[in-house]
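Below: the structure, in structure tokens.
Numbering (the working numbering), first residue to last: -11 to 146.
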């Protein structure tokens, strides 16, 4: 069983799982709370007919103190009605907002349209929201995450 820096977790009798730690985590003398985030939205593929297929587990590890979050509200234009159960994809932002960066995490909005994507490393992110009921995608918005804080991107309108 190996996990530090990448390796295989499992036994001969059970399933094997490859784990990769993207970058080193600073752990102080007194230890740290480490969060292992299992992203359901990236681990299953929906076939459009009510069934899901497990493709590969998407796991991220981060220290709680070294992470931040981004939040906002999904709303319809022009009436501002909240979008329940919308999908929010969090991408690592390149230098230009005109290019969509790699997908890092996903989140869903509640019945009130509010969403939070937590346990993100400090940095700049692009958020792309989808209203699945109307098959609509909102323009990407930017969120700058700082450790220990939650950035508010406000209303994301379609």
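We treat Cβ as the ideally placed atom computed from N, Cα and C, and that holds for glycine.
If we call anything under 8 Å between Cβ atoms a contact, is residue i one with residue j?
i: residue 141; j: residue 60; result: yes
i: residue 78; j: residue 47; result: no
i: residue 35; j: residue 107; result: no
i: residue 129; j: residue 144; result: yes
i: residue 136; j: residue 53; result: yes
i: residue 31; j: residue 22; result: no
i: residue 81; j: residue 74; result: no
i: residue 58; j: residue 117; result: no
Per DSSP, what are the beta-bridge partners of residue i in this structure?
i: residue 71; result: In DSSP, residue 71 forms no bridge with anything.
i: residue 52; result: Answer is none; residue 52 lacks a bridge partner.
i: residue 118; result: 75, 125
i: residue 57; result: 138
i: residue 23; result: 50
i: residue 92; result: According to DSSP, which records beta bridges pairwise, residue 92 is partnered with nothing at all.
If you measure from the beta carbon of residue i to each beta carbon in chain D, is any gap under 8 Å?
i: residue 124; result: Protein chains in the displayed structure number just one, and chain D is not present.
With DSSP as the reference, label residue i as helix, strand or coil.
i: residue 31; result: helix
i: residue -3; result: For residue -3, the pLDDT reaches just 46, beneath the cut-off of 50, and the residue's location in the model is therefore unreliable, although a value from the coordinates is still provided. Correct three-state label for residue -3: strand.
i: residue 109; result: coil
i: residue 44; result: coil
At the level of alpha carbons, what is the spacing between residue i and residue j?
i: residue -8; j: residue 94; result: Reliability fails at residue -8, whose pLDDT of 44 lies under 50, so the model's placement of it is uncertain and the value that follows must be treated cautiously. Their Cα atoms are separated by approximately 25 Å.
i: residue 96; j: residue 76; result: 6 Å
i: residue 112; j: residue 86; result: 14 Å
i: residue 134; j: residue 33; result: 31 Å
i: residue 127; j: residue 109; result: 23 Å
i: residue 84; j: residue 91; result: 15 Å
i: residue 12; j: residue 104; result: 25 Å
i: residue 14; j: residue 67; result: 46 Å
i: residue 100; j: residue 29; result: 20 Å
i: residue 37; j: residue 121; result: 14 Å
i: residue -10; j: residue 123; result: Residue confidence for residue -10 is low, a pLDDT of 37 falling below 50, so the modelled location carries little weight; the figure read from the coordinates is stated next. Roughly 42 Å between the two C-alpha positions.
i: residue 41; j: residue 71; result: 26 Å
Have a look at the options and flag the residue whose alpha-carbon is nearest the alpha-carbon of residue i.
i: residue 65; options: 134, 133, 27, 119; result: 119
i: residue 63; options: 98, 92, 91; result: 98
i: residue 146; options: 49, 139, 69; result: 69
i: residue 50; options: 123, 19, 121; result: 19
i: residue 27; options: 45, 71, 41, 17; result: 45
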